[in-house]
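Undergrad: Going letter by letter, the sequence shown gives residues 22 to 132 in our numbering.
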Amino acid sequence: MNEQRDEISITIINASEEYAVKTYSREFRNLMTLLNNQMYLENFGACGGQGRCATCMVKVVGLSGDANIMERNEAATIGKAGLSGKSIRLSCQLFINADLDGAVITIQGEG
Ligand code: FES
Numbered sequence: 022m023n024e025q026r027d028e029i030s031i032t033i034i035n036a037s038e039e040y041a042v043k044t045y046s047r048e049f050r051n052l053m054t055l056l057n058n059q060m061y062l063e064n065f066g067a068c069g070g071q072g073r074c075a076t077c078m079v080k081v082v083g084l085s086g087d088a089n090i091m092e093r094n095e096a097a098t099i100g101k102a103g104l105s106g107k108s109i110r111l112s113c114q115l116f117i118n119a120d121l122d123g124a125v126i127t128i129q130g131e132g
């Protein structure tokens with residue numbers, strides 16, 4: 022029962038405050054779930070991770086591997102929200118795995 026899991030370290034920036042967060046592969050369903058759990062954000066992830074509402078949008082720097090590949094629906098939802106750029110992502114579409122290790126995630130809040 023002592024399964025070894027690799028630690029994943031990420032930096033979260035929310036309202037100019039920086040937080041160092043450690044997690045493990047699949048500890049959370051996706052990055053949106055982790056952010057809601059760690060940051061207690063209001064109205065974040067309104068569609069429950071279906072990739073439709075864009076309320077879970079973040080700026081991410083430092084992704085590696087497959088995490089850099091954006092599904093068509095994700096790009097479309099971000100585009101509808103009037104944003105673009107490959108560092109802008111829907112956090113509900115990013116899985117918690119080693120591709121996230123070392124990433125810096127800035128929450129795109131109303132403020
Ligand atoms: S939770 Fe709605 S798009 Fe991510």
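Using N, Cα and C, we set each Cβ at its ideal position, and we do this for glycine too.
(1) Going by DSSP, what residue range makes up the alpha helix (DSSP H) through Ile117?
(2) For the region 78 to 88 and the region 107 to 116, state whether three or more C-beta atom pairs, one from each stretch, are separated by less than 8 Å.
(3) Pick helix, strand or coil for Thr127, following the three-state DSSP scheme.
(4) To the nearest angstrom, how far is the alpha carbon of Ala41 from that of Ile31?
(5) Report all residues from its chain with a CB closer than 7 Å to the CB of Arg26; omit the five preceding and five following residues, and keep chain order.
(6) According to DSSP, simplified to helix, strand and coil, what is Thr32?
(7) Can you tell me whether Ala19 is buried or exposed, with buried defined as 16 or more other CB within 10 angstroms of its CB?
TA: In brief:
(1) From DSSP, Ile117 is part of no alpha helix (DSSP H); its letter is neither H nor E.
(2) Judged by Cβ distances under 8 Å, the region 78 to 88 makes contact with the region 107 to 116, as three or more pairs qualify.
(3) In the structure shown, Thr127 sits in a strand (DSSP, three-state: E or B).
(4) If you take the alpha carbons of Ala41 and Ile31, they lie about 6 Å apart.
(5) Tyr45 and Ser46.
(6) Note: Thr32 maps to strand in three-state DSSP.
(7) No statement about residue 19 is possible, as the shown extent of the chain runs from 22 to 132 and does not include it.
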